[in-house]
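Okay, structure first, notes after.
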Amino acid sequence: MINGVTHASWSSVPDYEYCNYAIYFGASKGHAAGHVANTNAQKAADARSRGMKMVVVDPMNNFASNKATEWLPIRVGTDGALALAMINILLNELGIWDAQYIKKHTNGPYLIKSNGLFLRDGKTAKPMVWDSSVQCAKTFDDPTLNDFTIEGTYTVDGETCKPGFQMLKDHVKKYSAEKAEEITSIPARTIRRISREFGEAAKIGSTITIQGIQLPYRPAAVIYFRGAQGHKNSLHNSIAIDLLCQVVGAADVPGGTLGFNPVCYGHPDTGRPRYVPKPDPDGMMLTGTWSNPHLPYPLDPAKAPTGMSLSQVFPMSMSSAFFVSPDGEGLWEKFKLPYRIEMMINMGANSIMSIGNPQQVAEGLKKIPFIASFDLFLNEFTDFADIVFPDLSYLERFDFSPNYPFIFNHPAGMGEWCWPIRQPVVEPSYQRRYYVEVMINLANRLGIAPGLNMIINAKYDMREPYWLAPDKTYSYEEICDRILKNNFGAERGVDWFKEHGLIKWTKRPEEVYWRPFLPVRVPIYYEYVKAAGEQVKKVAAQFGVELDYSRYEGLPDWHPCPSHEVKSPEYDLWSFYYRDVLHTNSYTMENPYLDELSQMTPYTYAISVNSETAKKKGIRDGDLIWIESSTGRKIKGKANLTQGINIESVGIAACAGHWSNNQPIAKGKGVFYNELIEIDLEHMDPGNLNMDLCAKVKIYKA
Ligand SMILES: Nc1nc2c(c(=O)[nH]1)N[C@H]1C(S)=C(S)[C@@H](COP(=O)(O)OP(=O)(O)OC[C@H]3O[C@@H](n4cnc5c(=O)[nH]c(N)nc54)[C@H](O)[C@@H]3O)O[C@H]1N2
Ligand SMILES: Nc1nc2c(c(=O)[nH]1)N[C@H]1C(S)=C(S)[C@@H](COP(=O)(O)OP(=O)(O)OC[C@H]3O[C@@H](n4cnc5c(=O)[nH]c(N)nc54)[C@H](O)[C@@H]3O)O[C@H]1N2
Ligand SMILES: [Mo]
36 MINGVTHASW SSVPDYEYCN YAIYFGASKG HAAGHVANTN AQKAADARSR
86 GMKMVVVDPM NNFASNKATE WLPIRVGTDG ALALAMINIL LNELGIWDAQ
136 YIKKHTNGPY LIKSNGLFLR DGKTAKPMVW DSSVQCAKTF DDPTLNDFTI
186 EGTYTVDGET CKPGFQMLKD HVKKYSAEKA EEITSIPART IRRISREFGE
236 AAKIGSTITI QGIQLPYRPA AVIYFRGAQG HKNSLHNSIA IDLLCQVVGA
286 ADVPGGTLGF NPVCYGHPDT GRPRYVPKPD PDGMMLTGTW SNPHLPYPLD
336 PAKAPTGMSL SQVFPMSMSS AFFVSPDGEG LWEKFKLPYR IEMMINMGAN
386 SIMSIGNPQQ VAEGLKKIPF IASFDLFLNE FTDFADIVFP DLSYLERFDF
436 SPNYPFIFNH PAGMGEWCWP IRQPVVEPSY QRRYYVEVMI NLANRLGIAP
486 GLNMIINAKY DMREPYWLAP DKTYSYEEIC DRILKNNFGA ERGVDWFKEH
536 GLIKWTKRPE EVYWRPFLPV RVPIYYEYVK AAGEQVKKVA AQFGVELDYS
586 RYEGLPDWHP CPSHEVKSPE YDLWSFYYRD VLHTNSYTME NPYLDELSQM
636 TPYTYAISVN SETAKKKGIR DGDLIWIESS TGRKIKGKAN LTQGINIESV
686 GIAACAGHWS NNQPIAKGKG VFYNELIEID LEHMDPGNLN MDLCAKVKIY
736 KA
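Note that my numbering gives residue 188 to position 153 of the sequence shown, counting from 1, and the numbers run on in steps of one.
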């Protein structure tokens with residue numbers, strides 16, 4: 036969500052072409068995992084050979100930290116504290132920030148009242164800013180504004196206000212490097228040095244000319260992904276880390292943190308596909324496109340929940356695990372949801388393995404009377420299904436948009452736009468059918484094709500004559516043909532693409548480095564989050580429900596995970612998972628070639644433990660050990676001793692440890708990390724509902 040709010044994109048990377056200093060917080064982009072893996076691996080390698088420094092914050096000397104200039108072996112789940120201390124050092128010790136950027140591209144100048152909300156104009160309700168040249172408050176878009184003030188305290192109509200940037204500057208004072216050292220275990224002097232290096236690398240004020248266009252040059256980037264964000268403190272960690280690139284103005288400009296293609300002006304022949312972020316009435320950015328059912332910003336107003344995900348009372352969630360959480364039923368009852376799931380259609384997910392401990396997932400699935408699943412293989416999930424539909428694999432099917440939306444699946448940075456199609460290389464065997472065709476068929480038989488057509492029209496911005504009429508039914512291939520022609524012209528339908536394979540055109544600087552070109556602002560101060568908290572509280576109170584509102588604040592804090600609050604000294608380590616370069620989630624474990632490779636690495640099927648820690652516990656390399664969590668969950672595996680891991684942690688690769696008899700190669704191999712994960716509200720971020728992936732554990736010989 037935060038990438039959507041600040042970069043109008045699902046995913047982000049350093050601008051590998053120009054970045055000189057990239058900080059990774061628990062992300063492996065360009066090295067093992069992450070999106071657009073192959074292109075990013077090449078781009079990251081080129082950047083390193085060009086001299087880009089990489090500082091990788093990660094409890095394990097993993098794929099990215101292995102190649103980095105410096106590895107910071109952080110304590111699990113504490114990234115937010117490090118980022119907040121770095122902001123404090125930049126703003127309050129070094130005095131480094133990009134005032135021009137903050138004034139023009141963020142809500143840093145917007146005046147915040149003592150209740151944490153914007154000071155709004157009495158007539159227009161627009162947010163107000165302070166114009167210091169005339170010593171008065173004006174609306175943010177007032178044409179007479181001479182200057183946007185971002186520091187100080189002001190009184191307007193008896194109300195004491197501060198600009199959002201001043202709020203941040205004051206707020207982070209409590210995060211000294213020393214305090215961050217206590218929380219993260221990274222030495223205060225290292226935190227100070229890295230902050231200075233990052234701030235200086237940003238070269239605030241400098242410019243660069245690309246294709247004849249002068250642009251701000253900020254060759255310092257910060258990115259984060261599952262490592263920093265997969266915790267109970269997910270939301271505030273994400274905000275804190277992203278603020279680092281905002282305060283130095285290194286967002287979506289050359290050298291900085293780039294969203295994946297948030298702006299597209301389309302193919303030169305047609306001007307399509309086209310999407311561009313635009314401002315809302317407050318001047319804040321709305322993404323041009325998105326990949327989930329609801330936008331990251333603005334948040335839908337809180338109201339009585341109508342869906343099992345309860346997204347109406349958790350408006351910042353992009354998904355939720357309530358359908359398999361022990362808290363689900365209780366909450367549905369309290370919110371008076373008048374139905375339960377009667378049927379589930381599962382498409383290519385093995386949730387019994389991928390969400391958390393399988394006992395709780397099984398309890399949830401058992402309550403669903405009927406489950407149909409589309410998959411390529413029989414596995415732990417299909418063992419729960421009433422019907423299994425054998426889908427077509429990517430080698431057998433025609434797909435008109437394998438990399439759209441570009442905000443997730445297309446490389447960032449300059450270069451080319453490319454819309455490829457995927458063509459089958461082998462005929463499907465037996466009666467296997469592409470799930471998309473089956474779904475279209477079902478929609479037709481159920482009489483809900485008009486709704487489906489309208490959704491396709493909206494999603495692909497369909498225009499006449501390609502627009503799908505509500506009263507007609509179309510085959511999959513007809514729909515593909517219309518979408519392609521809608522984007523690329525009457526000549527370029529399915530037949531043209533089958534012959535040419537793909538269409539390419541050159542990216543423009545104003546698409547890639549869009550920030551200076553668009554009149555949109557992003558939050559320094561998350562006023563809308565604060566405001567949403569009040570609404571959610573009201574709705575929950577109507578149902579007599581008490582939730583945790585600590586995340587509905589304008590500025591982020593570091594919040595401990597349950598694992599940080601375990602007092603018993605017996606549980607002395609933090610566990611975490613990471614993606615192995617050999618595997619994709621759980622489903623590649625049955626591949627015999629990858630299985631063979633996995634047995635040749637010391638990591639893939641093992642539990643990585645720091646050598647010193649293991650020695651103290653009398654554990655030798657290759658010993659079978661138990662990991663037991665403070666909540667009483669246990670997993671067993673082979674110890675892999677390494678110096679490349681934080682002394683207080685154990686790291687486990689991938690999503691291994693299958694148990695279905697239908698996975699004979701994968702069965703019993705590797706360690707099933709998710710057995711340790713609790714799926715209850717206590718282990719979800721109370722703001723965005725992301726699950727906490729770390730546990731406090733002890734290890735001992737099996
Ligand atoms: N090879 C491969 N590529 C993939 C995938 C795959 O399964 N395999 N999956 C795809 C998917 S669905 C996703 S979401 C992306 C995920 O992409 P990433 O988020 O980049 O992948 P991870 O390896 O899960 O996490 C990155 C790093 O976080 C570290 N880490 C764990 N806990 C913490 C912590 O508390 N703090 C910090 N700072 N670091 C921590 C891990 O050691 C790991 O090195 O990858 C995608 N690409
Ligand atoms: N331990 C551990 N757990 C994790 C993660 C981790 O790295 N480690 N990552 C987490 C993250 S970020 C994510 S996104 C989830 C992912 O979790 P899931 O989405 O559940 O991914 P998989 O477990 O790989 O299951 C994918 C299923 O899709 C099937 N499949 C593959 N290709 C096709 C196809 O073309 N058509 C159909 N119909 N089916 C297909 C596979 O056979 C497999 O059964 O896991 C989460 N859980
Ligand atoms: Mo993911």
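C-beta: ideal position from N, C-alpha, C; glycine also.
Query                                                                                                     : Result
Beta-carbon gap between Tyr252 and Ile258 smaller than 8 Å                                                : no
Three-state class that DSSP yields for Glu499 in the structure shown                                      : coil
Cβ contact check for the region 301 to 317 and the region 677 to 693: 3 or more pairs under 8 Å           : no
Proximity of Gly751 and Ala43 at Cβ, strictly below 8 Å                                                   : Nothing about residue 751 can be reported from this structure: the residues present for the chain run from 36 to 737 only.
Candidates Ala103, Leu676, Cys729, of which the one nearest Val601 by Cα                                  : Cys729
Ala356 Cβ short of 7 Å to ligand 2 heavy atom set                                                         : no
Given Leu427 as reference, the closest of Val460, Val396, Lys731 once Cα atoms are compared               : Val460
Limits of the unbroken beta strand (DSSP E) element including Glu451                                      : 451 to 455
Rounded straight-line distance, which links the Cα of Ala285 to that of Lys78                             : 19 Å
Leu590 and Met95 closer than 8 Å at C-beta                                                                : no
heavy atom of ligand 1 below 7 Å from Pro463 C-beta                                                       : no
Contact test: Tyr613 Cβ vs ligand 1 heavy atom, cutoff 7 Å                                                : yes
Three-way DSSP call (helix, strand, coil) for Thr541 in this model                                        : strand
Bridge-paired residues (DSSP) for Arg556                                                                  : Met319
Segments assigned beta strand (DSSP E), at least 3 residues, entirely inside the region 134 to 199        : 163 to 166, 171 to 174, 189 to 191, 194 to 198
Gly262 - DSSP class collapsed to helix/strand/coil                                                        : helix
Strand pairing of Tyr735, partner residues [DSSP]                                                         : Trp661
Of the residues Gly69, Lys208, Ile442, Asn97, the one placed nearest Asp592, counting alpha carbons only  : Lys208
Range covered by the beta strand (DSSP E) that runs through Ile380                                        : 378 to 382
Sufficient close CB pairs (3 or more, under 8 Å) joining the region 534 to 543 to the region 441 to 453   : yes
7 Å CB neighbourhood of Leu676 in its chain, flanking five on each side removed                           : Val644, Ser646, Ala649, Asp656
For Gly234, the nearest candidate out of Glu128, Lys338, Leu146 (CA to CA)                                : Glu128
Contact test: Tyr429 Cβ vs ligand 2 heavy atom, cutoff 7 Å                                                : yes
Inter-stretch contact (C-beta, 8 Å, three-pair minimum) for the region 263 to 278 and the region 64 to 81 : no
Contact test: Trp687 Cβ vs ligand 1 heavy atom, cutoff 7 Å                                                : Note on residue identity: the sequence assigns Ile, not Trp, to residue 687. Ile687: no, Cβ never under 7 Å from ligand 1.
Range of the contiguous beta strand (DSSP E) that encloses Val48                                          : 47 to 49
DSSP state of Pro251 mapped onto helix, strand, coil                                                      : strand
Ile559 versus Met319: straight-line alpha-carbon distance, rounded                                        : 11 Å
Check: Tyr470 C-beta below 7 Å from any heavy atom of ligand 2                                            : yes
Sequence ranges, beta strand (DSSP E) only - wholly within the region 412 to 443, length at least 3       : 422 to 425
Residue interval of the alpha helix (DSSP H) (run including Thr219)                                       : 212 to 219
Collapsed DSSP secondary structure at Glu105 in the structure displayed                                   : strand
Under 8 Å between C-beta atoms of Tyr56 and Pro289                                                        : no
At least three beta-carbon pairs within less than 8 Å, the region 562 to 574 to the region 350 to 358     : yes
Any C-beta of chain B under 8 Å from that of Ser149                                                       : Structure shown: chain B not included; a single protein chain is present.
Sub-8 Å separation of Lys204 and Leu126 beta-carbons                                                      : yes
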